Amino acid sequence: MSESTTTCKWISDKIVLIAALAAISLSIFQIWQGITADLAATIFRPIHLSWVLILVFFTLPLIKSQRSTGLYLIGRVIDFIFIAAIAWASYHIVAFDYDDISFLLDGLTTLDQISGLIILVLLLEATRRTVGLVMVFIAALFLVYAIFGNYLPGSVASKGFAIEEIIRFHIYSTNGVYGAPLAIAAGVVFIFVLFGAFLQVTGAGKFFIDASFSIAGKYRGGPAKASVIASAALGSISGSAIANTVTTGALTIPMMKKLGYKPEQAAGIEAAASTGGQIMPPVMGAGAFVMAQFTGIPYSEILLVSIAPAILYFACTLLYVHLMACKLGLQGMEITEKISVVLKNGWHFLVPLILITSLLLMSYSPILVGISGCVAILVAATCRKHSRITVGVFFEGMKEGALLALPISVACGTAGIVVGVVGQTGIGLQFTQFLMALSGGYLWSVLGLIAIAAVILGMGLPVTAAYIVLSIMAVPSLTELGVGLLAAHMIVFWLSQTSNVTPPIALAAFAAAGIANTSPMRSAVQAFKLAQGFFIIPIMMAFSGLIWMDGQNVDFVIAIVLTIGLIVAFAGTIEGRLATKLPLLARGLLLIAGFTMLVPYLYINIAGIAIIVVVCLINYRLSRTEDETVAASI
Numbered sequence: 031m032s033e034s035t036t037t038c039k040w041i042s043d044k045i046v047l048i049a050a051l052a053a054i055s056l057s058i059f060q061i062w063q064g065i066t067a068d069l070a071a072t073i074f075r076p077i078h079l080s081w082v083l084i085l086v087f088f089t090l091p092l093i094k095s096q097r098s099t100g101l102y103l104i105g106r107v108i109d110f111i112f113i114a115a116i117a118w119a120s121y122h123i124v125a126f127d128y129d130d131i132s133f134l135l136d137g138l139t140t141l142d143q144i145s146g147l148i149i150l151v152l153l154l155e156a157t158r159r160t161v162g163l164v165m166v167f168i169a170a171l172f173l174v175y176a177i178f179g180n181y182l183p184g185s186v187a188s189k190g191f192a193i194e195e196i197i198r199f200h201i202y203s204t205n206g207v208y209g210a211p212l213a214i215a216a217g218v219v220f221i222f223v224l225f226g227a228f229l230q231v232t233g234a235g236k237f238f239i240d241a242s243f244s245i246a247g248k249y250r251g252g253p254a255k256a257s258v259i260a261s262a263a264l265g266s267i268s269g270s271a272i273a274n275t276v277t278t279g280a281l282t283i284p285m286m287k288k289l290g291y292k293p294e295q296a297a298g299i300e301a302a303a304s305t306g307g308q309i310m311p312p313v314m315g316a317g318a319f320v321m322a323q324f325t326g327i328p329y330s331e332i333l334l335v336s337i338a339p340a341i342l343y344f345a346c347t348l349l350y351v352h353l354m355a356c357k358l359g360l361q362g363m364e365i366t367e368k369i370s371v372v373l374k375n376g377w378h379f380l381v382p383l384i385l386i387t388s389l390l391l392m393s394y395s396p397i398l399v400g401i402s403g404c405v406a407i408l409v410a411a412t413c414r415k416h417s418r419i420t421v422g423v424f425f426e427g428m429k430e431g432a433l434l435a436l437p438i439s440v441a442c443g444t445a446g447i448v449v450g451v452v453g454q455t456g457i458g459l460q461f462t463q464f465l466m467a468l469s470g471g472y473l474w475s476v477l478g479l480i481a482i483a484a485v486i487l488g489m490g491l492p493v494t495a496a497y498i499v500l501s502i503m504a505v506p507s508l509t510e511l512g513v514g515l516l517a518a519h520m521i522v523f524w525l526s527q528t529s530n531v532t533p534p535i536a537l538a539a540f541a542a543a544g545i546a547n548t549s550p551m552r553s554a555v556q557a558f559k560l561a562q563g564f565f566i567i568p569i570m571m572a573f574s575g576l577i578w579m580d581g582q583n584v585d586f587v588i589a590i591v592l593t594i595g596l597i598v599a600f601a602g603t604i605e606g607r608l609a610t611k612l613p614l615l616a617r618g619l620l621l622i623a624g625f626t627m628l629v630p631y632l633y634i635n636i637a638g639i640a641i642i643v644v645v646c647l648i649n650y651r652l653s654r655t656e657d658e659t660v661a662a663s664i
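So the sequence shown is numbered by the working numbering: it starts at 31 and just counts up by one.
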């Protein structure tokens, strides 16, 4: 090893150590604030964001390659200049006297403006490093619109704001960067990401995977079904479909391939299942907490209405997995550990999940619920000898939790710019009018446009950021067409997940393809097929009573039946089989019957259900006849 390489490695090692200490300190600070709530929003949020930005510049260097000592050192010097600038600017912002309203009359001082500009620019740079250029471009586009909107023609024009007004609105208030999205990321989301990190380092993640194999492994296509169940259990609290894919896929994808699934099928199954974890209660990633903030609806209510759609999604995925296994002639795993043995060794890991679910349903503060969950998982792990954790493992969880939260906080801070510009300029109203004009005022058309926008935004934005941006622009159009506020947000939230499984850029599918060693695009196509629930269920939310509300029990039951009918009809049509192979006529009947589930007339729905039931019964009878024929020939 050359002297220059040794120097780079020494510097890198020291920075890693400093970053680890900073990450652990951030977790401690977040827990302290969560318990005491001592700091006001105008102090806590700038401190949180500055800490996050400093960690980003520590852990994601400007120049990653260490081949050239000179370039690496120059890059690191620039990073440290950024860190120093963030520390100085954040100190100035935290010390800002919001009680002195003279700044509203006289404007910001030059020092105030420089501090605010530093945070805005370096937030965008941190976004580039953690999220990508697309989100930087979107935020920059909105800022340009806020400044130069007065030069645009007609209804798209805005007042046009000076740089000083932009900085004052977005930095020296809780409207822009330090607005609602960052409030959620810095509060409840960080704590639940920390909870997910503790689940992983204590071995709880392995327990859920083992339990899934014990439950589903022996059935036809067992490893694939186990992947779906494990992803449902773990995905809700991982905060990332990609992280969930990598965590569970490392074990499930090789086993699926070994059983006989094609590599792209194994990757597609894992991607579809892992993405589904983001809509699975009790935590549902980060988006549901943002939804509660935006709508003012208690999180407990959002959790309750999300249960049925989430179950339907995973039932849809399991059905496709089963039909694929039947087409390939696959069986289950020969040897699986009994569920009683798995539960005996890991039942204590269920306690934290039961605890947080119960507390959330009882409407306790989500932040305190998350902290209680962290304590519960540590106590549960310590109570059993084989899962007892060391001090080192504890601090590893603290560090990993903080590092996993970095892209979420950065993305939410940048999303706050978009939210702020919409509020400052009123562009949201113009966008709603544009969407209504483009769609002709038809709900079908609006849903299609939102789905397209969700896929496009998701190519460059994390799911939570895509949901935030899309919700402020699209939800008003849905509510104007008669969709309820909660249903409208749920539709946008679900459609925001689709980018992970929709070609050409399906990030979760691409991550799974790397594990399966297969084509990313073929994996994305499989994932898209398996994740049909992300499109079917939002449609049913818009056209039926799938979002359960008090007093709508009959409508809710009808919606469940219609959704199941639609799922079965489309699955049979696409896969070409149910219990056995479907002839072309039967597939055509299923397709027609599936579309009747979307017609707002009950007698047409009943006719469609009748067709689906008859086709299924005939198909089942044919499969029994085939089995008897095969048995007789042996």
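Every residue gets a Cβ at the ideal spot worked out from N, C-alpha and C, and that includes glycine. No experiment lies behind these values; they were computed from the predicted model shown.
- Whole-angstrom distance between Gln527 and Leu537, CA atom to CA atom: Counting from 1 along the sequence shown, the entry for residue 537 is found at position 507. Counting from 1 along the sequence shown, the entry for residue 527 is found at position 497. Their backbone Cα atoms lie some 11 Å apart in a straight line.
- Query: Val513: buried (16+ other C-beta within 10 angstroms of its C-beta) or exposed?
  - Reply: As a position in the sequence shown, residue 513 is number 483, starting the count at 1. So Val513 ends up on the buried side.
- Could you tell me whether the Cβ atoms of Cys38 and Thr99 are closer together than 7 Å? Walking along the sequence shown from the start, residue 38 turns up at place 8. Walking along the sequence shown from the start, residue 99 turns up at place 69. Yes, Cβ-Cβ distance for Cys38 and Thr99 is below 7 Å.
- Item | alpha helix (DSSP H) segment containing Pro312, residue limits | Numbered from 1 along the sequence shown, position 282 holds the residue referred to as residue 312. From DSSP, Pro312 is part of no alpha helix (DSSP H); its letter is neither H nor E.
- Item | chain B contact for Ile309 (CB, 7 Å cutoff) | No chain B is part of this structure, which consists of one protein chain only.
- Over the uninterrupted alpha helix (DSSP H) stretch that includes Met285, give me the two end residues. On the sequence shown, position 255 is the one that residue 285 refers to. If you look at Met285, you'll find it in the alpha helix (DSSP H) that goes Ala271 to Leu289.
- Message: Could you tell me the alpha carbon to alpha carbon distance between Ser549 and Ala542, rounded to whole angstroms?
- Response: To locate residue 549, count along the sequence shown from 1; it is residue 519. To locate residue 542, count along the sequence shown from 1; it is residue 512. A straight-line Cα-Cα distance of about 10 Å links Ser549 and Ala542.
- With 16 other Cβ atoms within 10 Å as the buried cut-off, status of Ala125: In the sequence shown, counting from the first residue as 1, residue 125 sits at position 95. Ala125 comes out exposed.
- Message: Looking at the secondary structure, which residues open and close the alpha helix (DSSP H) in which Arg159 lies?
- Response: What you label residue 159 is simply residue 129 of the sequence shown in a count that begins at 1. Segment Thr140 to Thr160, the alpha helix (DSSP H) holding Arg159.
- Assign Val219 to buried or exposed, taking buried as 16 or more other Cβ atoms, counted over all protein chains shown, within 10 Å of its Cβ. As a first step, residue 219 must be located in the sequence shown, where it is residue number 189. With 16 or more Cβ atoms within 10 Å of its Cβ, Val219 is classed as buried.
- Message: Could you tell me the alpha carbon to alpha carbon distance between Ile386 and Glu331, rounded to whole angstroms?
- Response: Residue mapping note: residue 386 aligns to position 356 of the sequence shown, counting from 1. Residue mapping note: residue 331 aligns to position 301 of the sequence shown, counting from 1. Distance between the alpha carbons of Ile386 and Glu331: 15 Å.
- Message: How far does the alpha helix (DSSP H) with Asp240 in it extend, from its first residue to its last?
- Response: Counted from its first residue, the sequence shown places residue 240 at position 210. In the DSSP assignment, Asp240 falls within the alpha helix (DSSP H) that extends over Ala234 to Ala246.
- N-terminal and C-terminal residue of the alpha helix (DSSP H) that Ala227 is part of: The residue you call residue 227 lines up with position 197 of the sequence shown. Run containing Ala227: Phe220 to Val231, per the alpha helix (DSSP H) assignment.
- Task: Tell me where the alpha helix (DSSP H) around Ile327 begins and ends.
- Result: Translated into the one-based positions of the sequence shown, residue 327 becomes position 297. It is not in any alpha helix (DSSP H) - Ile327 carries neither H nor E in the DSSP assignment.
- Item | Nearest-angstrom Cα separation, counted from Ile197 out to Phe586 | Numbered from 1 along the sequence shown, position 556 holds the residue referred to as residue 586. Numbered from 1 along the sequence shown, position 167 holds the residue referred to as residue 197. Whole-angstrom Cα-Cα distance: 47 Å.
- Query: For Cys404 versus His378, is the C-beta distance shorter than 7 Å?
  - Reply: Taking the sequence shown and counting its residues from 1, one reaches residue 404 at position 374. Taking the sequence shown and counting its residues from 1, one reaches residue 378 at position 348. Not closer than 7 Å, so no.
- Message: Measuring straight from C-alpha to C-alpha, what distance separates Ala316 and Ala432?
- Response: Taking the sequence shown and counting its residues from 1, one reaches residue 316 at position 286. Taking the sequence shown and counting its residues from 1, one reaches residue 432 at position 402. A straight line joining the alpha-carbon of Ala316 with that of Ala432 spans about 15 Å.
- Message: Let me confirm a value: Phe74 is counted as buried when at least 16 other C-beta atoms fall within 10 Å, else exposed. Which label applies?
- Response: Residue numbering aside, residue 74 sits at position 44 when the sequence shown is read from its first letter. Result: buried.
- For Lys94, name the three-state secondary structure that DSSP assigns. Translated into positions along the sequence shown, residue 94 becomes position 64. DSSP places Lys94 in the coil class of the three-state scheme, outside both helix and strand.
- Item | Spatially closest choice to Ile93 from His78, Asp109 and Ile84, by CA coordinates | Sequence index remark: in the sequence shown, residue 93 carries index 63 (1-based). Shortest Cα-Cα distance from Ile93 to any of His78, Asp109 and Ile84 involves Asp109.
- Task: If I'm right that His519 touches Val499 with Cβ under 8 Å, what's the distance once you round it to whole angstroms?
- Result: Counting from 1 along the sequence shown, the entry for residue 519 is found at position 489. Counting from 1 along the sequence shown, the entry for residue 499 is found at position 469. Going by Cβ atoms, the distance from His519 to Val499 rounds to 13 Å, so no, they are not a contact pair.
- Who are Arg607's beta bridge partners in DSSP? By 1-based counting over the sequence shown, the position of residue 607 is 577. According to DSSP, which records beta bridges pairwise, Arg607 is partnered with Lys611.
- Task: Indicate whether Phe344 and Ala262 have their beta-carbon atoms separated by less than 7 Å.
- Result: Sequence index remark: in the sequence shown, residue 344 carries index 314 (1-based). Sequence index remark: in the sequence shown, residue 262 carries index 232 (1-based). Remark: C-beta atoms of Phe344 and Ala262 approach each other more closely than 7 Å.
- Classify Glu367 as buried or exposed, calling it buried when 16 or more other Cβ atoms lie within 10 Å of its own Cβ. For this step, residue 367 is matched to residue 337 along the sequence shown. Exposed is the call here.
- Message: What does the alpha-carbon distance come out to for the pair Ser370 and Ile239?
- Response: For the purposes of this step, residue 370 is taken as residue 340 along the sequence shown, with counting starting at 1. For the purposes of this step, residue 239 is taken as residue 209 along the sequence shown, with counting starting at 1. Between Ser370 and Ile239, the C-alpha separation is close to 14 Å.
- Message: For Leu473 and Pro534, I'd like the C-alpha separation in whole angstroms.
- Response: Taking the first residue of the sequence shown as position 1, residue 473 is located at position 443. Taking the first residue of the sequence shown as position 1, residue 534 is located at position 504. A straight-line Cα-Cα distance of about 26 Å links Leu473 and Pro534.
- Message: If contacts are defined as beta-carbon pairs under 8 Å, then Val645 and Ala616 qualify, I think. What distance do you get, rounded to the angstrom?
- Response: Translated into the one-based positions of the sequence shown, residue 645 becomes position 615. Translated into the one-based positions of the sequence shown, residue 616 becomes position 586. Yes, Val645 and Ala616 are in contact; Cβ-Cβ is about 5 Å, under 8 Å.
- Item | 4 or more residues per run - each alpha helix (DSSP H) lying fully within the stretch 552–597 | Counting whole runs of 4 or more residues, the stretch 552–597 contains the alpha helix (DSSP H) stretches 563–573.
- Query: Helix, strand or coil: how does DSSP classify Tyr666 here?
  - Reply: The structure shown has nothing for residue 666, since the chain only spans 31 to 664.
- Would a C-beta distance cut-off of 7 Å place Gly146 and Gly446 closer than the cut-off? Start at 1 with the first residue of the sequence shown, and residue 146 comes out as number 116. Start at 1 with the first residue of the sequence shown, and residue 446 comes out as number 416. No, they are not a contact pair.
- Would a C-beta distance cut-off of 7 Å place Pro492 and Leu525 closer than the cut-off? Counted from its first residue, the sequence shown places residue 492 at position 462. Counted from its first residue, the sequence shown places residue 525 at position 495. Cβ distance not < 7 Å, so Pro492 and Leu525 don't count as in contact.
- At a cut of 8 Å, does the stretch 602–616 reach the stretch 635–655 through at least three beta carbon pairs? At 8 Å Cβ cutoff, the stretches touch.
- Query: For Glu294, does the count of other Cβ atoms within 10 angstroms reach 16, so buried, or fall short, so exposed?
  - Reply: As a first step, residue 294 is located in the sequence shown; it is residue number 264 there, counting from the start. Per the 10 Å Cβ criterion, buried.
- Query: Is the distance from the Cβ of Ser529 to the Cβ of Met489 below 7 Å?
  - Reply: The residue labelled residue 529 in the question sits at position 499 within the sequence shown. The residue labelled residue 489 in the question sits at position 459 within the sequence shown. Yes, Cβ-Cβ distance for Ser529 and Met489 is below 7 Å.
- Message: For a minimum of 4 consecutive residues, which ranges assigned as the alpha helix (DSSP H) are wholly contained in the stretch 501–527?
- Response: Here the runs fully enclosed are 515–525.
- Message: Using the three-state DSSP reduction, which class does Tyr249 fall into: helix, strand or coil?
- Response: Counting from 1 along the sequence shown, the entry for residue 249 is found at position 219. Coil at Tyr249, not helix or strand.
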